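Trainee:
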Amino acid sequence: MTQTVNLDWNNLGFNYMNLPYRYRAYFKDGEWQNAGLVEDATITINEGSPVLHYGQEAFEGLKAYRCKDGSVNLFRPDQNAKRLQKSCQRLLMPEVPTEMFIDALKQVVSANKEYIPPYGTGASLYLRPFIIGVGENIGVHPAEEYIFSIFAMPVGNYFKGGLTPTNFLASEYDRAAHKGTGQAKVGGNYAASLFPGQQAQQQGFSDCIYLDPIEHKKIEEVGSANFFAITKDGKFVTPDSPSILPSVTKYSLLYLAEHHFNMPVEETDIYIDELDHLAEAGACGTAAVISPIGGFQIGDKFHVFYSETEVGPVTKKLYDELVGIQFGDRKAPEGWIVKVDEAKL
Ligand code: PLP
Ligand code: COI
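Residues in the sequence shown are numbered from 1080 upward in steps of one, following our numbering.
What follows is the structure, given as structure tokens:
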């Protein structure tokens, strides 16, 4: 099996690392061309590029997992390909075909195989695909040329504590409007979340939770993850809103709750003044995995879900199932796991 580099695998956090290889492809004259792996981590683009002025950019996030038998799993990469295609449609960018997307992911994982965290450390290789509009173009129009790239970095926990609950703050700000770009994974949504996110962190919270942009009465999502909860009568619930990102992790948990644990599930309104019927709550996403929400500060009210120090039993059960599937220890639903070519690992 491949030797790994010497890193402190158990304490990686979520930090950029300049690995040896990344994938690049260029869209010019109506087609993707010059695609392949490169060593240079820098990208040189024209100063008039729409990505620099008008945020014509979309990205994805997914992970590669080293299994006990040495093989490497990608988790539902077709879902990320589809979501990127939708983001591209919303921002008038050319779509990256699913096959090209998955093949590029495999190339990046294989080329950086020494950096895939060993099985048993809980860490994984985070993959960050992104597409940017480039070229001389200063009017507010879509670019004529694009760069698609994927880089990788080994990561551990996104929120400190991992499966230990942390606290979140209800934001006074909005990250996206109902008919805006909230459903697309585009840079502008994250630019809008920097200030509220920093305010939350400066007050000791992990991140903020956004409320519906119309009335600020319902939970939308966390700045970097979706929100889910378990009701006191055992239902898996998650907000139903047109301005949140359709999370691959959230829909996976919803499926597992329903089909593996026989729980009722519902995408529904979750009102901030009706939290007492919720027994457990968490943030879920690729980077966040499942991060239990201990306390939730809403104005001057502090609501504790299950506990500020202990993970709830249903959250733990869902976490074990999801992570077990991702690392190949538990049986995955059909089509969820795509293996990286073993001959190249
Ligand atoms: N919501 C936001 C705003 C995110 O940035 C993410 C991370 O990708 C998610 C939700 C979770 O999505 P996924 O589970 O597909 O990673
Ligand atoms: C992810 O979970 O992949 C994300 O994109 C969240 C965050 C790091 C922006």
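Note that beta-carbon positions come from the ideal geometry of N, C-alpha and C, so glycine has one too. Fair warning: this is a prediction, and the values are worked out from it, not measured in the lab.
What does DSSP give as the partner residues of K1297 in its beta bridges?
Mentor: K1297 pairs with Y1350.
Trainee: Just checking, does the segment 1408-1424 make contact with the segment 1346-1359 on the three C-beta pairs under 8 Å criterion?
Mentor: No: the two stretches stay apart, fewer than three of their Cβ pairs being nearer than 8 Å.
Trainee: Provide the residue span of the beta strand (DSSP E) that contains P1435, from first to last.
Mentor: Because the chain is modelled from 1080 through 1424, residue 1435 falls outside the range shown and cannot be assessed.
Trainee: Would you decide whether E1110 is buried or exposed? Buried here means 16 or more other CB atoms lie within 10 Å of its CB.
Mentor: Burial call: exposed.
Trainee: If we count Cβ pairs, one from each stretch, closer than 8 Å, do we get three or more for the segment 1130-1145 versus the segment 1198-1208?
Mentor: Result yes; three or more Cβ-Cβ pairs closer than 8 Å.
Trainee: Work out the CA separation of K1297 and R1254 for me, nearest whole Å.
Mentor: Each residue's alpha carbon lies about 14 Å from the other.
Trainee: What residues come near the ligand COI, if near means a beta carbon less than 5 Å from any of its heavy atoms?
Mentor: Cβ atoms closer than 5 Å to the ligand COI belong to G1140, S1303, G1364, T1365, A1366.
Trainee: Based on Cα-Cα distance, which residue from N1097, S1320, F1230, R1155 lies nearest to T1260?
Mentor: Checked all of N1097, S1320, F1230, R1155; the closest Cα to T1260 is S1320.
Trainee: Could you check what DSSP says for V1393 in three-state terms: helix, strand or coil?
Mentor: The answer is helix: DSSP assigns V1393 an H, G or I state.
Trainee: Need the endpoints of the beta strand (DSSP E) that K1418 sits in, please.
Mentor: First-last of the beta strand (DSSP E) with K1418: 1416-1418.
Trainee: Quick check: does the Cβ of S1326 come within less than 7 Å of any heavy atom belonging to the ligand PLP?
Mentor: Correct: S1326 has its Cβ closer than 7 Å to the ligand PLP.
Trainee: Using the Cα positions of I1291 and E1299, report the straight-line distance between them to the nearest angstrom.
Mentor: According to the sequence shown, residue 1291 is Asp rather than Ile. If you take the alpha carbons of D1291 and E1299, they lie about 6 Å apart.
Trainee: Spatial neighbours of K1224 within its chain, please: CB distance less than 8 Å, with the 5 preceding and 5 following residues excluded, ordered by chain position.
Mentor: It is Glu, not Lys, that sits at residue 1224 in the sequence shown. Y1105, F1106, K1107, G1212, V1213, G1214, listed in sequence order.
Trainee: Where S1303 and H1295 are concerned, what is the direct C-alpha to C-alpha distance, given to the nearest angstrom?
Mentor: Cα to Cα, S1303 sits roughly 19 Å from H1295.
Trainee: Given that a residue counts as buried once 16 or more other Cβ atoms are within 10 Å of its Cβ, and exposed if not, what is T1394?
Mentor: It counts as buried.
Trainee: Give every residue of the same chain whose Cβ lies closer than 6 Å to the Cβ of V1390, excluding the five residues on either side of it in the sequence, and list them in chain order.
Mentor: Cβ within range, chain order: L1242, P1371.
Trainee: Measuring CB to CB, does N1159 end up less than 8 Å from V1327?
Mentor: Contact: yes.
Trainee: Compute the minimum distance between the beta carbon of N1097 and the heavy atoms of the ligand PLP, and state whether it is under 7 Å.
Mentor: No, since every heavy atom of the ligand PLP falls outside the 7 Å radius drawn around the Cβ of N1097.
Trainee: State the Cα-Cα distance for the pair H1356 and V1151, rounded to the nearest angstrom.
Mentor: Their Cα atoms are separated by approximately 40 Å.
Trainee: With a floor of 3 residues, list each beta strand (DSSP E) that falls wholly inside the segment 1206-1274, ordered by position along the chain.
Mentor: The qualifying runs are 1224-1234, 1245-1249.
Trainee: What are the boundary residues of the beta strand (DSSP E) that includes K1142?
Mentor: Start and end: 1141-1145.
Trainee: Contact between the segment 1261-1277 and the segment 1329-1341: three or more CB pairs below 8 Å?
Mentor: As far as the Cβ criterion goes, the segment 1261-1277 does not touch the segment 1329-1341, which means the pair count is below three.
Trainee: What number of angstroms, rounded off, separates the C-alpha of N1097 from the C-alpha of M1232?
Mentor: C-alpha separation (whole angstroms): 7 Å.
Trainee: Leaving aside the five residues before and after L1381 along the sequence, list all residues of the same chain whose C-beta is less than 6 Å from its C-beta, in chain order.
Mentor: Checking the sequence shown, residue 1381 turns out to be Phe, not Leu. Excluding positions up to five away in sequence, the list reads G1374.
Trainee: Evaluate E1178 with the Cβ neighbour count: other Cβ atoms within 10 Å of its Cβ, from every protein chain shown; 16 or more gives buried, anything less gives exposed.
Mentor: Classification for E1178: exposed.
Trainee: Which term fits E1136, buried or exposed, when burial requires 16 or more other beta carbons within 10 angstroms of its beta carbon?
Mentor: Label assigned to E1136: buried.
Trainee: With a 10 Å radius around its C-beta and 16 neighbouring C-beta atoms as the bar for buried, classify T1121 as buried or exposed.
Mentor: Exposed: under 16 other Cβ atoms inside 10 Å.
Trainee: Please state if the CB of F1238 and the CB of C1287 are separated by a distance shorter than 8 Å.
Mentor: Taking 8 Å as the Cβ cut-off, C1287 and F1238 do not qualify as a contacting pair.
Trainee: Once the 5 residues before and after Y1252 are set aside, which same chain residues still bring their CB inside 6 Å of it?
Mentor: Excluding sequence neighbours, Y1252 sits near P1275.
Trainee: Is any heavy atom of the ligand PLP found at a distance shorter than 7 Å from the C-beta of N1125?
Mentor: No.
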